[in-house]
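The opening position of the sequence shown corresponds to residue 2 in the working numbering, with each subsequent residue numbered one higher.
Note that the Cβ used here is the ideal one computed from N, Cα and C, for glycine as well.
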Amino acid sequence: MPKYDFLVIGSGIAGLSYTAKLAQHFEDKGQDVKIAILTKTIAEESNTKYAQGGIATVWNEEDSFQKHIEDTMIAGDFLSDRHVVEIVVKEAPERLQELIDYGTEFDKKQDGSYDLVKEGGHSDFRILHHKDSTGNEIERALLAKVKSFKSVDFFTHYFAIDLITQHHLGVKLTKDTPDKRCFGAYVLNTYTGKVETFLSKTTLLATGGIGQVYQSTTNPTIATGDGISMAYRAKALVTGMEFIQFHPTSLYQPGKKPSFLISEAVRGHGGILKNKDESTFMEKYDPRLSLAPRDIVARAIDSEMKKNGVDHVYLDTRHLEAEDFKHHFPMIYSYCKDNLGLDITGNDMIPVVPAQHYLCGGIKVNEWGQTTINFLYAAGECSSTGLHGANRLASNSLLEAIVYADRAFLKTIEEFGNNPLPDNIPDWNDEGTTHPEELVLVTEMTRELESIMSNYVGIVRTNRRLKRAYDRLELIFIEHEELYRQSKVSVRICELRNMINVAYLIIKQAIAQKENRGLHYNLDNIK
């Protein structure tokens, strides 16, 4: 039963930033601590890795904090917490400089200044990027930094199953219990098939998104809402789950999961949305045209597809200077050329369709990343800070992750030593369970879940669709619970369990939301 000072679940930008700061802090003090990072596949696989566009911050004299704050508030349909928005925007430049100091290389112009770009919803050029693979570059630099510390133990192919709280000591907990405490997690070692107990004085959830709940998503296959589900089962507060962001422009490739993302920056660079007949349509929906916020663009595309009876629309980049486009978007250009045979700087437009992309809600945290369970923190996409409100402004997600990783770090070292670990925490008990013989049931339930969420809880909703989704999900829940109780845990069974929890939270909170705000759009709410 390993004991750690700090347990970090997830190896994206939030988890790695938090870990790097902890390790550096205690190394500088000459104090020995033990930090564990768990990741369900390889260390490099995370939502961060797939972030193409960039990271937003005020970086030049023409821009201002106030402009970035207002852009964020407008995009969030004024449901964003202004105090939180101000914190994130004003702390952003210092956090960005730290990434640069870690070795992250953002694109520069010939004069040596950063090549800032503009994306939908932004009033100025403030997006730092590395070609069209910014997340991958940040992940590279952070991993190298974290792996340089001897206090950090990396556990790859370890799948966190449940958080350990007083519940495991026989204490009955509710969401309103004021002194709930976290002592680590039960974790499946996928190499051995055994569940191990990781005890920790402080735990950070940095587990990313929930995209696999939907049929079409830009999220990697690991994005099954694990951290949110674990926190929910441990009686933490989860909020804002109705606000699911669909990226307007994923590449149209039926049956491919995850979907390949055509970055928002392509529209910022001059790409124009069009129908098959090459007519534009965004002027019918918003004066900002193709640079309107994502919720507006996604609904516009959805409307055009339904109106015209088609499966996708197009993004036209043929008018842009070819070599400049290839320089800025080499991955997008090559992918379209190699996989679909499209020359998107020559004769071909890019076929695009909305796909689930980001969750604006999650585990409720305060301004220091603390959840409603003591000594349990959350950062990154799995958390709900109040920054995004009803809709995330482009390139604010990586920014939120590094700001809240820093704030969680500061509060963690302030609290360090205040959570002694009990001696009587039980090991995982799977007595009486067996390995399931028919995992085809998991596959079938997963497909049905994806279908329910995509057809009834997507870009446009109705009360009838939400009620039907709730009723059908309940049947899947009952069937899965019976299988879970009888089975030794596996990644597939646990991921489906988490996806069912997440789907329930999305549907329940979508039913409760009686206003059309940002990403939540219910036809029955129109008065």
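For residue i, the three-state DSSP class (helix, strand or coil)
i	result
K4	strand
I128	strand
D163	strand
V298	helix
S455	helix
T444	helix
C337	helix
P249	strand
P331	helix
P352	strand
A15	helix
R498	helix
R393	coil
Q32	coil
V267	helix
F184	strand
I38	strand
H26	helix
Q514	coil
Q371	strand
Q213	helix
L450	helix
Boundaries of the beta strand (DSSP E) in which residue i is found, first to last residue
i	result
D154	V153 to T157
L316	V314 to D317
E197	K195 to L206
I364	G363 to K365
Y522	It is not in any beta strand (DSSP E) - Y522 carries neither H nor E in the DSSP assignment.
L343	Where L343 is concerned, there is no enclosing beta strand (DSSP E), given that its DSSP letter is neither H nor E.
I527	Note, I527: premise wrong, no beta strand (DSSP E); not H, not E.
I229	Careful: I229 lies outside any beta strand (DSSP E), inside the alpha helix (DSSP H) at D227 to R234.
K109	Element bounds for K109: n/a, residue is neither H nor E.
Residue environment, residue i, which counts as buried when at least 16 other CB atoms sit within 10 Å
i	result
G433	exposed
K202	buried
S124	exposed
L524	exposed
V172	exposed
E63	exposed
K528	exposed
G31	exposed
K365	buried
D227	buried
Y192	exposed
V441	exposed
Q213	buried
I453	buried
L476	exposed
N419	exposed
E138	buried
N529	It is not possible to answer for residue 529, since the shown part of the chain is limited to 2 through 528.
D278	exposed
Beta-carbon separation (whole angstroms), residue i vs residue j, contact threshold 8 Å
i	j	result
V549	I229	The shown model of the chain, from 2 to 528, leaves out residue 549, and the question about it has no answer.
G16	P294	About 28 Å separates the two Cβ atoms, so there is no contact after all.
Y387	S149	It should be pointed out that residue 387 corresponds to Gly in this sequence rather than to Tyr. Contact flag wrong, Cβ pair sits at about 34 Å.
P259	T222	7 Å
I541	V443	Outside the shown range of the chain, which is 2 to 528, sits residue 541, and nothing can be said about it.
K181	I374	5 Å
R462	A511	6 Å
L189	F160	4 Å
F244	G381	Between G381 and F244 the Cβ distance is about 16 Å, and since that is not below 8 Å, they are no contact.
L164	Y103	Contact flag wrong, Cβ pair sits at about 29 Å.
K176	K236	5 Å
H481	R498	6 Å
G269	K119	5 Å
L117	N61	7 Å
For residue i, the first and last residue of its enclosing alpha helix (DSSP H)
i	result
I479	N464 to Q487
F66	F66 to A76
A409	S398 to E416
L100	R83 to Y103
Y378	Where Y378 is concerned, there is no enclosing alpha helix (DSSP H), although the beta strand (DSSP E) it sits in stretches over L377 to A379.
K146	T135 to V147
Residue-level contact to chain D via CB, residue i, 9 Å cutoff
i	result
A504	The displayed structure is made up of one protein chain only, and chain D is not part of it.
Residue i beta carbon near the ligand NAP (any heavy atom closer than 8 Å)
i	result
V354	Ligands displayed in this structure: none; no statement on the ligand NAP is therefore possible.
Report yes or no: do the stretch 404–413 and the stretch 210–220 share at least 3 C-beta pairs separated by less than 8 Å?
-> no
Can at least three beta-carbon pairs, one atom from the stretch 348–357 and one from the stretch 299–314, be found at a separation below 8 Å?
-> yes
Do the stretch 355–371 and the stretch 244–254 make contact, defined as three or more Cβ pairs closer than 8 Å?
-> Result yes; three or more Cβ-Cβ pairs closer than 8 Å.
Three or more beta-carbon pairs under 8 Å between the stretch 192–207 and the stretch 2–12, yes or no?
-> yes
Does the count of Cβ pairs from the stretch 16–29 and the stretch 402–410 closer than 8 Å reach three?
-> yes
Taking contact to mean at least 3 C-beta pairs separated by less than 8 Å, is the stretch 459–479 in contact with the stretch 296–304?
-> The stretch 459–479, when compared against the stretch 296–304, does touch it at the 8 Å Cβ threshold.
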